[in-house]
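A.B. asks: Starting off with a structure, shown below.
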Amino acid sequence: MTDLQSLQKIMKAIRIPILVTTATGALAFSTRNVGLSRPNSSVTGSFFQKKHAFSLPNKRLIPRNDRGGGVNSLNMIFGNLFGSGGMFDTKKSIDYTALDHPGPELATAAEEGKVLIESSKDPSLRLATFAGGCFWGFELAYQRVPGVVHTATGYTQGDEAEPTYQEVCAEGTGHTEAIMVYYDPKECTYESLLDTFFERVDPTTINGQGRDYGKHYRTGVYVHTAEQLAVAKPRFEQEQTKLGCKIASELKKTKPFWPAEKYHQQYLEKGGRLGEPQSAEKGSTDTIRCYG
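If you're matching positions, the sequence shown starts at 128 in this note's numbering and goes up one per residue.
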């Protein structure tokens, strides 16, 4: 068995997108679980009808079920087989020091394996973590809540350190897109934050929201303290009774929160992909355009 045949067999067995050469010599990714054609053989059927873009940071350039999947799966496979480096090694670490507050303090806590209960910079502010699918629109919803002082987008509930957007989208780290909320308990209760969660999220959807699907889009309330759990647990029971079916959203103790890349922070307030800023004014009821 040749080296190419061995690699082909491995890639087919683990069901990752496969890099192939078309009849015209161009490279393309297939999401089907098939092997590579023999040299000089013709390619037929619908195999190459769907080509996958993989540009970042524009999420919509990548099919919703494959965002980052093709290139990043290959990054992981080639990295494991042949070591780092080469044409598929595109990992870029996040410069946490370049983030606005609260990014740096969240990154420092994550690096130390800690979960913050209150802000290190301002101990009067409490922290809460929520996941509601794509974090762009979800963050803007919380920015508008009176009493919320800071928000940050990021990744939580995974075990890999310093996850990047590409890695999380490839579902190789276990993280979900999430937001961190810094709130003033004198002006904003944890109950009101749960109100926003259930107003924005369909808790019956498994691994996704709206047009976005995948484990990295799973929703959840991730508590920092026993006090938050004491509020969230009966609320989940109440919502489940009201809906008459099991809730898919997670209710778990939070894990360290890794801030996302700078371009994801307050993305819609800054204009999103269309360059049209959306209001983050407290109490705003303007419709949130989730992708800008």
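Virtual Cβ for every residue (Gly too), placed ideally from N, Cα, C. No experiment lies behind these values; they were computed from the predicted model shown.
Grab me the residues of GLU287's own chain with a C-beta within less than 8 Å of its C-beta, minus the 5 sequence neighbours each way, in chain order.
C.D. replies: Here residue 287 corresponds to residue number 160 of the sequence shown, with the count starting at 1. The residues are GLU294, GLY299, THR300, GLY301, HIS302.
A.B. asks: Any chance the stretch 268-283 sits against the stretch 364-379, with 3 or more Cβ pairs inside 8 Å?
C.D. replies: no
A.B. asks: Any chance the stretch 392-401 sits against the stretch 310-323, with 3 or more Cβ pairs inside 8 Å?
C.D. replies: no
A.B. asks: Are the CB atoms of GLY335 and TYR349 nearer to each other than 8 Å?
C.D. replies: Position 208 of the sequence shown, counted from the start, is the residue given in the question as residue 335. Position 222 of the sequence shown, counted from the start, is the residue given in the question as residue 349. Their beta carbons are not under 8 Å apart, which means GLY335 does not touch TYR349 by this criterion.
A.B. asks: For a test of the three-state rule: what should DSSP assign to ARG253, helix, strand or coil?
C.D. replies: By 1-based counting over the sequence shown, the position of residue 253 is 126. DSSP places ARG253 in strand when its eight states are reduced to three.
A.B. asks: Pull up the DSSP beta-bridge partners for VAL275, would you.
C.D. replies: Indexing the sequence shown from 1 puts residue 275 at position 148. Looking at the DSSP assignment, VAL275 forms a beta bridge with TYR310.
A.B. asks: Applying the 10 Å Cβ sphere with the 16-neighbour rule, what's the burial state of HIS351?
C.D. replies: Start at 1 with the first residue of the sequence shown, and residue 351 comes out as number 224. Result: buried.
A.B. asks: Cβ of LEU254 within 8 Å of Cβ of TYR309?
C.D. replies: For the purposes of this step, residue 254 is taken as the residue at position 127 of the sequence shown. For the purposes of this step, residue 309 is taken as the residue at position 182 of the sequence shown. Yes.
A.B. asks: May I ask you to report which of helix, strand or coil DSSP gives ALA305?
C.D. replies: The sequence position of residue 305 within the sequence shown is 178, counting from 1. When secondary structure is reduced to three states using DSSP, ALA305 falls in the strand class.
A.B. asks: What does a CB cutoff of less than 8 Å around ILE306 pick up in its chain, not counting 5 residues either side in sequence?
C.D. replies: To locate residue 306, count along the sequence shown from 1; it is residue 179. So the list reads THR256, PHE257, ALA258, GLY259, PHE262, PHE265, GLU266, TYR269, THR278, ALA279, THR280, GLY281, once near-sequence residues are dropped.
A.B. asks: Given this structure, state the Cα-to-Cα distance separating VAL358 from GLN405, to the nearest angstrom.
C.D. replies: For this step, residue 358 is matched to residue 231 along the sequence shown. For this step, residue 405 is matched to residue 278 along the sequence shown. Answer to the nearest angstrom: the Cα atoms are 31 Å apart.
A.B. asks: Taking a contact to mean a Cβ-Cβ separation below 8 Å, would you say ALA375 touches PRO330 in this structure?
C.D. replies: Numbered from its first residue, the sequence shown carries residue 375 at position 248. Numbered from its first residue, the sequence shown carries residue 330 at position 203. In this structure, PRO330 lies closer than 8 Å to ALA375 by Cβ.
A.B. asks: DSSP puts GLN336 in a beta bridge; with which residues?
C.D. replies: Here residue 336 is taken as the residue at index 209 of the sequence shown, counted from 1. Partner(s): ASP339.
A.B. asks: Is GLN392 closer than 8 Å to GLY230 when the C-beta atoms are compared?
C.D. replies: For the purposes of this step, residue 230 is identified with residue 103 of the sequence shown, where counting begins at 1. For the purposes of this step, residue 392 is identified with residue 265 of the sequence shown, where counting begins at 1. Closer than 8 Å, so yes.
A.B. asks: PRO383 and ALA237: beta carbons closer than 8 Å?
C.D. replies: Stepping through the sequence shown from its first residue, residue 383 is reached at position 256. Stepping through the sequence shown from its first residue, residue 237 is reached at position 110. Cβ distance < 8 Å, so PRO383 and ALA237 count as in contact.
A.B. asks: Between ILE415, THR412, ILE221, GLU377, which has its C-alpha nearest ILE333's C-alpha?
C.D. replies: Within the sequence shown, residue 333 is the residue found at index 206, counting from 1. For ILE333, the closest of ILE415, THR412, ILE221, GLU377 by C-alpha to C-alpha distance is GLU377.
A.B. asks: Between THR412 and GLU403, what straight-line distance do the alpha-carbon atoms span, to the nearest angstrom?
C.D. replies: Along the sequence shown, one-based indexing puts residue 412 at 285. Along the sequence shown, one-based indexing puts residue 403 at 276. Going from the Cα of THR412 to the Cα of GLU403 covers about 17 Å.
A.B. asks: Between ILE415, THR381, ARG416, ALA407, which lies nearest to LYS241 when the distance is taken from Cα to Cα?
C.D. replies: Position 114 of the sequence shown, counted from the first residue, corresponds to residue 241. Minimum Cα distance to LYS241 is reached at THR381.
A.B. asks: Between ARG362, ARG327, GLU388, GLU314, which has its C-alpha nearest LYS409's C-alpha?
C.D. replies: Counting from one through the sequence shown, the residue named residue 409 turns up at place 282. Answer by Cα proximity: GLU314.
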